[in-house]
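Residue numbering for the sequence shown follows the working numbering, starting at 702 and increasing by one per position.
Glycine included, every Cβ here is placed at the ideal spot set by N, Cα and C.
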Amino acid sequence: FKSKSSNPITSSIEFDQQINRFPPISPAAIPLKAYKAGFLLSEGKFNEGVKALNEASDINPYIGFSEYILGNYYYSKGNIDSSLYYSKKAFDLWPKSIDNFSMINKVNAYKGDTLSIINDYSKIKDFFTSRPEFYNSFIKYYSLGKFYYFNIGGKFTI
């Protein structure tokens with residue numbers, strides 16, 4: 702929202718002031734509550750953020766956007782197991798989302814799990830031959846996963 706508006710939204714309060722008069726879903730079928738949840742989580746309001754994400758999933762349970770946000774949130778907090786759980790759930794719900802695909806790859810690369818990166822790519826590669834961003838994500842995170850593996854669990858940031 703910040704980069705696409707002349708009046709950028711920077712908090713959950715501003716979100717309510719500017720967005721509440723609209724229907725609960727964006728033109729891309731993303732529930733607006735999921736966007737608000739992102740602000741709530743960044744403001745440290747975890748319980749409110751999770752509640753908003755659950756409501757967003759009730760509005761559209763098919764695209765995994767709420768799960769993607771939670772996977773990303775847990776990754777940023779260093780909780781890799783929870784990030785893996787939600788990222789996998791998001792990818793399984795909507796594998797054609799490059800964000801979901803890249804997030805699961807990112808988590809698996811952090812873990813050094815190149816086999817999972819290969820398996821996830823093999824699930825979608827035949828469907829997205831004209832979308833190089835999927836292949837590029839695969840190569841990027843597969844390479845980083847190999848680095849992690851050969852670094853014998855050394856810390857690095859993706």
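query: If we count the other Cβ atoms within 10 Å of its Cβ and call it buried at 16 or more, is ASN809 buried or exposed?
result: Counting the other CB atoms within 10 Å of its CB gives ASN809 a total of 16 or more, which places it among the buried residues.
- prompt: Between which two residues does the alpha helix (DSSP H) harbouring ALA810 extend?
  reply: Per DSSP, ALA810 belongs to the alpha helix (DSSP H) from 799 to 812.
query: Just to confirm, are PHE754 and TYR774 a CB contact at a threshold of 7 Å?
result: According to the sequence displayed, residue 754 carries Leu and not Phe. For LEU754 and TYR774, no; Cβs fall outside 7 Å.
field: Length at least 4, wholly inside the region 715 to 800: the alpha helix (DSSP H) runs in chain order
entry: Considered as a whole, the region 715 to 800 harbours 733 to 743, 747 to 760, 766 to 777 and 781 to 794 as its complete alpha helix (DSSP H) runs of no fewer than 4 residues, in chain order.
task: Please classify TYR833: does DSSP put it in a helix, a strand, or coil?
output: This sequence places Pro at residue 833; Tyr is not what is there. If DSSP states are grouped into helix, strand and coil, PRO833 belongs with the helices.
message: Rounding to the nearest angstrom, what Cα-Cα distance links SER823 and ALA735 in this structure?
response: SER823 and ALA735: Cα-Cα distance of roughly 29 Å.
Boundaries (first-last residue) of the alpha helix (DSSP H) holding ASN820: Taken as a continuous stretch (DSSP letters only), the alpha helix (DSSP H) holding ASN820 covers 815 to 825.
- prompt: How is SER713 classed by DSSP in three states: helix, strand or coil?
  reply: SER713 falls in the helix class under three-state DSSP.
PHE839 - DSSP class collapsed to helix/strand/coil: Helix, per DSSP.
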